[in-house]
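Novice: Dumping the structure here so I can ask a few things about it.
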Amino acid sequence: MDMSFDGVFGLGEVQRLKDLRELDLLYTPAEERFDRITRLAARVLQSPMAMITLVTEEAEWIKSSFGWAESSVPRQHSFCNQAIREHHALVVADATEDERFATNPLVTGRLGIRFYAGQLLHAGAGSEVGALCVMDTLPRQLGHGELETLQDLAVIVERELSRRNQSSFQNTLIRNHDTQARRGSIDELTRTWNRSAVMELAHLECAAASMGTPLSLLLIDIDNLGMVNENFGALMGDVVLHEVSSWIRRNVRESDTCGRYGNGTFLVMVRAGILDARLIAERVRDSVERQAVPGMPMQVTVSIGVACARTRFPSPVALIAAADKSMRQAKEAGGNNVETVLL
């Protein structure tokens, strides 16, 4: 069944897309405030997959996910799009027995989706902009209490949709780039800002520091990524990158700027002095050390260099060079370490 936009929405679809764009969330980095909700939905509803989706003209874009790697799904294949078409929560016990989905590639292909439950997300004057959903590869039912839980979690998502929780500079970058340009600013693998975007943000942060705002820069490098790629393959290396980026987001503040700076290196800008920045770095290092990457026996650790600007006009290039030197010192000390420097 073709579930694409076919004109049946009319003017309501025009308003829906307007309200969706005004959220300024399309093609933005993953955020822990949403990720913790998808983790919770998956755990409480005992589902291997959970997502927060936003449905555009052409695609279902995934703002947050648990157990799901793709960043988007064609709109004509989207279960959440069907929920929007029907204007209510959608529960599919077994997609192979539902004529709306039986021939859907998400059902017949490698993903093998069988169960879906989605609660609509509203924005603006009540426009249905997406859904919070859980999915499974096994047929199942969703009890009344479980559906209420999904509804309650969707309300929390809606509150977060209305908030501007990134730093003012990240919000500026988002507003100054249309959705197509923002798509080119995201690292698809780690769902963080890519190198060019995070460097643009670093220059903005340094300009603000010239007015007296404390500023530190963290360079976080995965210690043994090369060994992972060599022993377990590039796909497992990608899994490690994805997991480490998630662990970093959980342990930095929501206002901090995080991006992928190099192959196995992340850059984080922190509006804090050296002591607070080191505490954040140690929290990240400890979290990564304690986690396990699914399907890989090797422990993953990170080395972190922290550079704090004492000058009134810090240079992002100088901060990065200093943090890189400290990060290399952390590696030379055996890895899984944090080194700091004041500029």
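Everything in the sequence shown is counted per the numbering used here, starting at 3 for the first residue and increasing by one.
Glycine is no exception: its CB is placed at the ideal position from the N, C-alpha and C atoms.
1. If you check the beta carbons only, do V270 and I322 fall under 8 Å apart?
2. Report, in whole angstroms, the separation of the C-beta atoms of A332 and I306, which I expect to be a contact under 8 Å.
3. Where does V242 sit, in a helix, a strand or coil, going by DSSP?
4. Tell me, to the nearest whole angstrom, how far the beta carbon of P2 is from that of T194; I am working on the premise that it is less than 8 Å.
5. Measure the alpha-carbon distance for L92 versus R35 and round it to whole angstroms.
6. Between the region 280–300 and the region 247–258, are three or more C-beta pairs nearer than 8 Å?
7. Exposed or buried, what is S164 when buried is set at 16 or more other beta-carbons lying within 10 Å of its beta-carbon?
8. Pairs of beta-carbons, one from the region 129–140 and one from the region 222–233, closer than 8 Å: are there three or more?
9. List, from N- to C-terminal side, the beta strand (DSSP E) runs of 3 residues or more that fit wholly inside the region 210–293.
10. Quick check: V1 and V302, are their CB atoms within less than 8 Å of each other?
11. With DSSP run on the structure shown, which of helix, strand or coil describes G147?
12. How should M3 be labelled, buried or exposed, when 16 other C-beta atoms within 10 angstroms of its C-beta is the threshold for buried?
13. Taking the C-alpha atoms as reference points, what is the distance between S187 and D240?
14. At 3 residues or longer, and completely inside the region 23–73: list those beta strand (DSSP E) runs for me, N to C.
15. Quick check: what's the CA-CA separation for Y118 versus V94?
16. Compare the Cα-Cα distances from G336 to each of V304, I115, S49 and T313 and report the closest residue.
17. Given S198, which residues of its chain have a CB within under 8 Å of its CB, disregarding the five upstream and five downstream residues?
18. Measure the alpha-carbon distance for P216 versus D189 and round it to whole angstroms.
19. Can you give the beta carbon distance from R292 to V131, rounded, assuming they're within the 8 Å contact cut?
20. Compute the beta-carbon to beta-carbon distance between F68 and A44, rounded to the nearest angstrom, for a pair I have assumed lies under 8 Å.
21. What does the Cβ neighbour count give for N265, buried or exposed, with the cut at 16 atoms within 10 Å?
22. CB R112 to CB Q84, shorter than 8 Å?
23. Whole angstroms are fine: how far does the CA of R273 sit from the CA of M1?
24. With distances taken between CB atoms, is the gap from E207 to G126 smaller than 8 Å?
25. First and last residue of the alpha helix (DSSP H) that includes L108?
Specialist: Well, looking at it:
1. Cβ atoms of V270 and I322: not closer than 8 Å.
2. Taking a contact as a CB-CB distance under 8 Å, the pair A332 and I306 counts as one, their CB atoms being some 6 Å apart.
3. It is helical.
4. The structure shown does not extend to residue 2, since the chain spans only 3 to 345, so no value can be given for it.
5. Rounded to whole angstroms, L92 to R35 spans 24 Å at the Cα level.
6. Yes: at least three Cβ pairs fall under 8 Å.
7. Under this definition S164 is an exposed residue.
8. Pairwise C-beta distances place the region 129–140 out of contact with the region 222–233, as fewer than three of them are shorter than 8 Å.
9. DSSP runs (the beta strand (DSSP E)) wholly in the region 210–293: 217–224, 259–262 and 267–272.
10. In the structure as shown, the chain begins at 3 and stops at 345. Residue 1 is therefore absent and cannot be evaluated.
11. In the structure shown, G147 sits in a helix (DSSP, three-state: H, G or I).
12. Residue placement at M3 is flagged as unreliable, the pLDDT there being 43, under the threshold of 50; the coordinate-derived value follows with that caveat. Classification for M3: exposed.
13. When the Cα atoms are used, S187 and D240 turn out to be separated by approximately 19 Å.
14. You should have 51–57 and 61–68.
15. CA-to-CA, the gap between Y118 and V94 works out to about 5 Å.
16. That would be V304, whose Cα lies nearest to the Cα of G336.
17. So the list reads S187, once near-sequence residues are dropped.
18. P216 and D189: Cα-Cα distance of roughly 27 Å.
19. Cβ atoms of R292 and V131 stay farther apart than 8 Å, at about 36 Å.
20. The pair is a contact, with the Cβ atoms about 5 Å apart (cut-off 8 Å).
21. By the 16-neighbour rule on beta-carbons within 10 angstroms, N265 is exposed.
22. No.
23. The displayed coordinates of the chain run from 3 to 345. Any statement about residue 1 would go beyond what the structure contains.
24. Cβ atoms of E207 and G126: not closer than 8 Å.
25. Counting along the chain, the alpha helix (DSSP H) containing L108 begins and ends at P107 to T110.
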